[in-house]
Each structure stands twice: as structure tokens, then as C-alpha cells.
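Here is the structure we will look at.
Number of protein chains: 2
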Amino acid sequence: MGEPMVLGIDLGGTHMRVAVVDSNGEILRLGKIHSNIHLGARQACLRLISECRMLMDEARSLGGSVFGIGMGVAGKIDRHRGEVVFSPNLPAMNGYLLGIELEKSLGLPVVMENDANAFGIGENWVGSGRGIANWVGVTLGTGVGGCLVFGGELWRGDDLGFVGEIGHMIVDPQGPSCACGLQGCLEAHSSAGSLMRAVEKAATDGLLSRGPLHDRWVKGALTAEGVYLSAKEGDLGARRLFHRMGWALGIALAGLFTVLGIRHAVIGGGVSAAWDEFIGPLRSSLAEHSSFLASEEMMVLRGALGDNAALLGAAKLAWKSLCEKEATSEIL
Amino acid sequence: MGEPMVLGIDLGGTHMRVAVVDSNGEILRLGKIHSNIHLGARQACLRLISECRMLMDEARSLGGSVFGIGMGVAGKIDRHRGEVVFSPNLPAMNGYLLGIELEKSLGLPVVMENDANAFGIGENWVGSGRGIANWVGVTLGTGVGGCLVFGGELWRGDDLGFVGEIGHMIVDPQGPSCACGLQGCLEAHSSAGSLMRAVEKAATDGLLSRGPLHDRWVKGALTAEGVYLSAKEGDLGARRLFHRMGWALGIALAGLFTVLGIRHAVIGGGVSAAWDEFIGPLRSSLAEHSSFLASEEMMVLRGALGDNAALLGAAKLAWKSLCEKEATSEIL
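Protein sequences, first through last, are from chains A and B. Note that the first sequence ends on residue 332 in this note's numbering; no numbers are left out. Note that the second sequence ends on residue 664 in this note's numbering; no numbers are left out.
What follows is the structure, given as C-alpha cells:
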């Protein structure tokens, strides 16, 4: 049969990424294709199946054999039904039994997980969370996601279909409106979406002063990365936005550390690439909003796995599921 | 030897309460004396020892025998050293090895716990938290304390010497100053202390309009209970304060439900007597600040044990400790 391997999948709004992962969390092969979700769930699923088949061949060429699949999906997942319940970034997938389709087509067991939880499992396995019993995970992307690791295990709460949604903690009841409809959520201060909305608003209000940010705006080529580059180029408006991002993250994390009696957080996601612009304000805010811990006692770490965190977490779940089945079959 | 019993102690700034408690969480006898902490730690400790002796006699008169003592103390406790590390309400006790003194004098094992944690253990054992796997506990008193119950057990986090300190979550960064030195903590909105400070400030600023609250203020006889009675008598200023209390509690609990993926809270403490004045605003605020749960899915329960919650939780800890010792001795 060859060395056992699994596939780890990260299914995002823009890209699907599939990797062959061994039992040590080593990525042996990695493929990345456009999600093309606008073609509908069935088409996207077929593309994913074909990518998986290719990587299963690659595993064989490495002398291995794929025994299971783990998949992280941006959105609300029904893990037991293998269903994408609701995904704002993959709307065509809503209600689609993606896990079951993959199982049928590939003849392999599939486990699914929300991508922020998968991020947590990945960083816990072979990333910045390794060896830390209790920590808060934050993913900074279009939105702000999160997860909790307690006692070295992912926390699932009451299994209500959401958990770790730090992006929708209120950090300032008088703060900006959030995409979720509430006011003052962390996500309304600290996501790529909130950066873009803030620049839009400043421009519409005629408050976007001349500078790198204004230039990018005029060219109609503004992205979250562009806001970051503008900040690096010294644009004060852009720097203020990253300051606000760090300030809001500090309030949310200080509150969670205070209530949970813990002191570690791991931050990942695409926008964490702007680390040097927000980590200073974040640490100041954490100190300013904490009654019980001194600044140096609170550890805010950058995720170590970059874009591969969710994919590795999904792979870990596949390994875990295989081991549990193995244990059960030995008993039977 | 007679039926095994334990003593549960609640050591507060004003009163010490000691009870004989059986293994079902039934209070068989209860004594209450003034803490008289101004006489110093040693005197207060001697009074407590004498009260314990009296209740041990009572246990014997009931055909029982006391095997251990559990004690809830307002403040930061070193459980392993039996020390009151820091107690704002019992300043003379700071650094005092109260647990060890009690053990020596009474010849019984003593376990200590922070009073908000003891509240949680009590309500979990025989109160409103019974049978609920995951919940947030809040104690409304001079300050605001709290605890977390996860998987039916008290959560201790990283064992940093504090946990569940919901009173010092920031609910409004522009909010009022807190006794802890920060700005906008839950405690600065939702404690007896914050009620009193708000009335003081209104009076000093000449903004305390005529009415029951003003009358109580003029008489110099204002207490948190007086603010509550004024609200019941229709005083708008007093009602606004309880509205603010509920609003702030709603923000804090909504944030914790969202991140923890849970939906139950239990509220106790002396100020929870004003339940009918703050629960409506609390529930509105909870709905207004929650992205993931509808109003009817969130369960905010009133503690069932009143003043006896911490004392019963302390007794439960004593039982647990005795059972663990029993189990160990059986193995040895």
C-alpha cells in the first residue's frame, strides 16, 4: 500500500489548495487552482475532485498512498452531514453536501471543518501554538475569524455551528458598522474589508488626503495590500487604519485573556502580512486594556504556517479520524 | 464517627458565613458573624476558628462528624499555599496563610477558592448551572466577579491567579473609569460601586433631579439597595443606571457567547436582587450585540442559591478534596 498519507484541502472564496501531507505535518506536494465558484457548486466540486485525483497520483509517485481527506471551508459547516451550511465567500456552496460528494467520487473518508478552526488545529499541530495549552487564534482576512485551543484541543463550545467568532465581539459600541449588521464588531475595525470600507468612506467624504493611498484610490486599484503598502510608504491615513486595527485587536484579546485567565494568542490570515504595521498598536492596546497581566506577560504570536495553516489543520483532522477508526477496528 | 459532613465558609468583607453541609449539598446549620476585619487578620482568624468549632459541635449534635473545610474568599487566592494573596475587601488578610492557620487549629484539611469561583461551583452543584455543560457565571456585588464552567467543571485557564474576571472586560472604551484604573470595564457600569459612584457624580455635578434617589442622597443614607428602591419608586435617574447595568452586561455576555460558542449564563451576587430592573435591558442588549444567536436562544438565568452559593461551592470543593484523598489512599 505504500506509506500512508492524507490530503489537506483549503477551500477559499478565490482559491482551492490541496496538499499531500504525511503524519508529521510535512507538505509533500501542493496544488492550487482557482475556486471558480461562479460556475456553481457542481462545477467547483468536479474541479476539486480532479485536483485531488492528481495529488493522489503524486502521492503514489512518492511511494505513498492517500487514506483520507480533511477539508477546511470558509463558512458554517455541518461536520456530521458533510455540508456547507452557509458560506458568505462561497455562496453557490450553501446547502451543498460537498463532503459526501467527495467521499463518493474518491472513495475516501472526508472530514470537514470551518477554516478558522482548521487554522487553529494546524498551528496547534506544527505551528506557533505547538506546546501552548491554552490560546486564542485570530485569522485576519476579508473578515476576522478565530478559534480557541483549550488543553491542547480545539474548543467546540456547545457545538452550535459557530465557535471562536472573535470578529463579532463588540469592541466599541459606538464603533463603525460591521458587514454582519451590528455596530462596533472587531471585524469592523480589523479586517481587509474594514480597511477598504474606511478608505471608500474617506474618499466619498472628500477626506482622503493626497498621498500614496489617494494615488492608489484614484487609479481604482486599491486592495488591502495597497493600503498596507501605502502605510509603509508613510501615508498617515493608511497608518491610522492599521493603528485602529491593532487597537481593536488589543481590546478583544485583553477581554478574552482577562475572562479566560490565559495569556497567549496566535494571529494568522492574509492580513497578518501587515504585522509590522499593527503589532505595535496591538501590544499598546493590550497593555492599556488589561487589569491583571503586565504587557510582557501577554504573548501575541504570529502564525508560523502562513497560507498553509488551514490546509495542515484539515490534514491533521483527517489523520485523527483515521487513527480513531483504526483504534475502533482493532477493538472490534 | 457519624455521618460525614463538611464546613463551607464564605469569607466576605462584611460577614463570615459558616455552614454544615452534607454530601447532597444540603445546608444543615448556618452561622453568620461580622468579619470585623479592622481588628486584623489574626483576630478575624480566631473568630472564624471559634465559629467553626461551634458548627462542628452542631454537626455532632446532628449525629454527624466534620471531615473537611472549604472556604471561598473575596480576592486572589493561592490555593496551593492556602494564602490570601490580595483581597481589596479584606486588606488585613493580604499575605495571610489563612488556610494553614485553620488547618492547624482545627485539625482538618482546608481548601480555599476565590469566591466567584466558589459561586460557580455551588451553582453548578445544586443551583441554576446544574446539568448545563458550559456557562458563564457573573457575580454582581461591590465589584463584578465571574467564573466559567466548561464541560461541567470550573475552568482555571493557565492558573495565573485570576480567571473569569468578566468585571474587567472592556465593554465601552469611552465608558466610565473603573476602580481598577482602566476605562470602560463592565464593573464600571454594572456593580454596586458603579451605581454609587454614578449617583455621587450626578449629585456633585448638580444633575441629580428631585425624586426618591435625591431624597435618599440628601439624607446621606444612600446604598445600592436604595438606588434599587428609588428605581422601583419610579425615579428615572435610578432606572437609567440599571438600564446601563443591563446594557453593559449584555455586551460582555454577547461577546463571550460569540467567542465561546455557548449560550448560557448564571447571574448571582447581592446586586442580582435588582433583577427585575436590569434583566429587560440586559436581554435587549444581548440581542442587539449578538450576530449568531437569536434572543430566545440565549439563556440568562438568575442564580438559585442566593447568598449561599459561594459557601456551597466551597463545601463542594471540600467534598471533592476528601473523595480524591479517599481514592488515593485506596490505591496506596
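Cβ coordinates follow ideal geometry from the N, Cα and C atoms, glycine included. It should be emphasised that the depicted structure is a prediction, and the values quoted were computed from it without experimental measurement.
Any idea if residue 41 of chain A is buried or exposed, counting beta-carbon neighbours within 10 angstroms, 16 or more meaning buried? buried
Beta carbons nearer than 7 Å to chain A: which residues of the region 576-593 of chain B have them? Residues passing the 7 Å Cβ filter: 583, 586, 587, 588, 590, 591, 592 and 593.
Within the chosen definition, does the region 401-413 of chain B reach the region 446-455 of chain B through at least 3 CB pairs nearer than 8 Å? yes
How is the beta strand (DSSP E) around residue 472 of chain B delimited, first residue to last? 467-472
At what residues does the alpha helix (DSSP H) containing residue 589 of chain B begin and finish? 568-592
For residue 168 of chain A and chain B, any beta-carbon pair shorter than 7 Å? yes
With 7 Å set as the bound, which would you pick, yes or no: does the beta-carbon of residue 514 of chain B sit closer than that to a beta-carbon of chain A? yes
When the distance is taken between beta carbons, is residue 596 of chain B closer than 7 Å to residue 457 of chain B? no
Local Cβ density within 10 Å of residue 325 of chain A, reported as buried at 16 or more and exposed below that: exposed
What do you get for residue 80 of chain A, buried or exposed, if any count of 16 or more other CB atoms within 10 angstroms of its CB means buried? exposed
Identify, in the order they occur along the chain, each residue of the same chain with its Cβ nearer than 8 Å to the Cβ of residue 96 of chain A, setting aside the five sequence neighbours on each side. Leaving aside the five residues that flank residue 96 of chain A on each side, the residues in its chain whose CB is nearer than 8 Å to its CB run, in chain order, 41, 45, 83 and 84.
Length-filtered (4 minimum) alpha helix (DSSP H) runs lying within the region 107-187 of chain A: 115-126
Would you grab the beta carbon distance between residue 523 of chain B and residue 499 of chain B for me? Rounded to a whole angstrom, and I think it's under 8 Å. 7 Å
Is residue 406 of chain B helix, strand or coil when you go by DSSP? In the structure shown, the three-state DSSP call for residue 406 of chain B is coil.
Apart from the five residues on each side of it in sequence, which residues of its chain come closer than 8 Å, Cβ to Cβ, to residue 151 of chain A? Taken in chain order, the residues that qualify are 133 and 134.
Which of helix, strand or coil DSSP assigns to residue 604 of chain B: helix
Kindly give me the distance between the Cβ atoms of residue 5 of chain A and residue 30 of chain A, rounded to whole angstroms, as I take these residues to be in contact under 8 Å. Not quite, the Cβ-Cβ distance comes to about 13 Å (not below 8 Å), so this is no contact.
So what does DSSP say about residue 342 of chain B, is it helix, strand or coil? strand
Counting only beta-carbon separations shorter than 7 Å, does residue 134 of chain A have a partner in chain B? yes
Starting from the Cα of residue 213 of chain A, find the closest Cα among A:231, A:204, A:206 and A:201 and give me that residue. A:231
Taking Cβ-Cβ distances shorter than 7 Å, what residues in chain B pair up with residue 99 of chain A? Residues of chain B passing the Cβ test: none, with the nearest at roughly 21 Å.
Buried/exposed call for residue 539 of chain B, threshold 16 Cβ in 10 Å: exposed
Strictly below 9 Å CB to CB, what residues from chain A border residue 497 of chain B? Those are 258, 259, 261, 291 and 292, listed as they occur along chain A.
Kindly indicate if chain B contains any beta-carbon less than 7 Å away from that of residue 212 of chain A. no
Please confirm if residue 664 of chain B has its CB atom under 7 Å from at least one CB of chain A. Summary for residue 664 of chain B: the model assigns pLDDT 43, below 50, so the residue's position carries little reliability, and this model does not support an answer.
For residue 83 of chain A, which residues does DSSP report across the bridge? A:78
Endpoints, alpha helix (DSSP H) assigned at residue 226 of chain A: 224-232
In three-state DSSP terms, what is residue 16 of chain A? strand
As assigned by DSSP and simplified to three states, the class of residue 321 of chain A: helix
Under a three-way DSSP split, which group does residue 278 of chain A fall into? In the structure shown, residue 278 of chain A sits in a helix (DSSP, three-state: H, G or I).
Measure the beta-carbon distance from residue 610 of chain B to residue 638 of chain B and round it to whole angstroms, keeping in mind my assumption that it falls under 8 Å. Not a contact, Cβ separation roughly 17 Å.
Contacts around residue 173 of chain A, its chain only, beta-carbon distance under 8 Å, and the 5 residues preceding and following it disregarded: 183 and 184
Classify residue 323 of chain A as buried or exposed, calling it buried when 16 or more other Cβ atoms lie within 10 Å of its own Cβ. exposed
Going by C-alpha distance, which of B:402, B:653 and B:510 is nearest residue 341 of chain B? B:402
Through-space distance from residue 157 of chain A to residue 354 of chain B, alpha-carbon basis: Approximately 32 Å, taken between the alpha carbons.
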